[in-house]
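Count the sequence shown with this note's numbering and you get residues 120 to 455, in order.
Ideal Cβ positions, reconstructed from N, Cα and C, are used throughout, including at glycine.
Below is one structure, written out as structure tokens; comments come after it.
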Amino acid sequence: MFGSPQSSPILAVETSCDETAIAVLGADGALLAGEISSQIDIHRAFGGVVPEVASRQHLEMIDPVLRVALLRAGLALGDIGAFAATAGPGLASALLVGMAYAKGLALGCGRPFLAVNHLEGHLLSPFFGRTEGVRPCVALIVSGGHTLLLDVRGPCDYSKLGGTRDDAAGEAFDKVGKMLGLPYPGGPEIERTARGGDSHRFDLPRGLMHSDDFSFSFSGLKTAVRYLLPKLRDGFLPDLCASFQEAVIEVLSSKAVRAVRYCGRRLLAVSGGVSCNLALRERLTADCARAGIEVWFADPRLCTDNAAMIAFAARQHLLAGRTSGITTPVDPNLGL
Ligand code: KG4
Ligand code: ZN
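Structure (structure tokens):
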């Protein structure tokens, strides 16, 4: 016999980009399984994600990923109380695979369906596994597709403070990495190469650093690296990576601290793939300590795309009594 959806395990599917991910949360919210099949090695040959290749790969991997997730959770499909999937933002053809799959499972099992905003998944990920619940804070989401500052009043209650006007922070890392001949994705490669480099050697622009809003711009920084490159001789790579990384980090940290002060919050919650970056974590930790602000980071395993954060967001909605219609469409440009 089923328990109520609120007091049963949740299964979530995430296929917004190049990870086929399925997670299962137990009735108490604990992570029972978090499976991720990454396509990075496939897309690396193209220097970036190819949408049609991504969706075909999702189709191929989604059944095996489900089987492993259920096996690891020690559950059968009939034990799941609700099914969730990422509805957007992301690649349309990739989102469609996960949404159709989760809807099919929900219909087949006669359980509720929840369409989840990928950004809300990232936003809430620093709260995953903490006993305090979702606290009012300012959220900084730094990923391959987004650079966002949001005022968070509570679960499911957010307003946007600002975002990027051009490239997202992760996109800037990836594009500069490509320019420097580093493998895709550029973010972790630049971080690795920057170790031991001199971050003061190259004076690179800090776009909108002193603007009186919470907008970001990273395209000028990327262009500055492009113009600098032909003038450089051997052995510059660690210094250039360190200088580039420093420029991104300085803008992110100074604007995030300013946003927390502006909103009168005491907590900064940081998430998204770029927040794996240790230099960013160190700078945010130091700047927040100086400003008397607490800072919570998502667990590094939950920073890049995963389904556990989607299941966690779905759980907040379910606990608030909300589910989604089975005809909810994917929305590649879904906002928060
Ligand atoms: O959150 P995510 O997996 O995907 C999106 O929703 O976009 O973020 C992926 C992004 C990529 O741009 C990747 O280069 C970046 O996160 N990233 C990093 C690091 N690890 C991943 N950027 C800087 N430093 C890292 N260590
Ligand atoms: Zn993401």
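Heavy atom of the ligand ZN within 6 Å of residue i beta-carbon
i      : result
ASP424 : yes
GLY338 : The displayed chain sequence assigns Ser, not Gly, to residue 338. Result no, Cβ not under 6 Å from the ligand ZN.
SER390 : no
SER443 : no
Residues sharing a beta bridge with residue i, DSSP
i      : result
ASP270 : VAL257, SER278
SER443 : PHE232
GLU310 : DSSP output for GLU310 lists no bridge partner at all.
ALA152 : VAL143
LEU130 : VAL143, PHE202
GLU138 : SER157
GLY207 : ASN236
Supposed contact pair residue j and residue i - C-beta distance, whole angstroms, cut 8 Å
i      : j      : result
THR266 : THR250 : Wrong, their Cβ atoms sit about 30 Å apart, outside the cutoff.
ILE260 : SER390 : 5 Å
TYR216 : LEU178 : Strictly speaking, residue 216 in this sequence is Val, with Tyr absent from that position. About 6 Å; that satisfies the 8 Å criterion.
Separation of residue j from residue i, as counted between CA atoms
i      : j      : result
LEU403 : SER443 : 36 Å
SER262 : GLY392 : 5 Å
SER240 : ILE429 : Inspection of the sequence shows that residue 240 is occupied by Gly rather than by Ser. So the two alpha carbons sit approximately 5 Å from each other.
MET120 : THR205 : With a pLDDT of only 43 at MET120, under the threshold of 50, the placement of this residue in the model should not be trusted; the figure read from the coordinates follows. Looking at the two C-alpha atoms, the distance is approximately 28 Å.
VAL257 : LYS297 : 32 Å
LEU359 : GLY300 : 13 Å
LEU144 : ALA439 : 17 Å
SER123 : ALA164 : 46 Å
GLY315 : PHE333 : 31 Å
ILE368 : ALA140 : 29 Å
LYS350 : VAL414 : 40 Å
PHE335 : SER174 : 31 Å
PHE247 : PHE355 : 40 Å
ALA427 : ARG434 : 10 Å
LEU233 : ASP353 : 53 Å
LYS341 : ALA225 : 44 Å
ALA221 : ASP270 : 30 Å
GLU138 : ILE159 : 8 Å
Reduced DSSP secondary structure (H/G/I, E/B, other) of residue i
i      : result
LEU386 : strand
GLU369 : helix
SER157 : strand
ALA146 : coil
PHE335 : strand
PHE165 : coil
VAL414 : strand
THR423 : coil
THR283 : strand
Cβ-heavy atom distance, residue i to the ligand KG4, below 6 Å
i      : result
SER262 : yes
GLU310 : yes
ASP160 : no
ASN236 : no
PRO307 : yes
PRO419 : no
PHE335 : no
Proximity test, residue i beta-carbon vs the ligand ATP heavy atom, cut-off 6 Å
i      : result
CYS395 : Only the ligand KG4 and the ligand ZN can be found as ligands here, which leaves the ligand ATP out of the picture.
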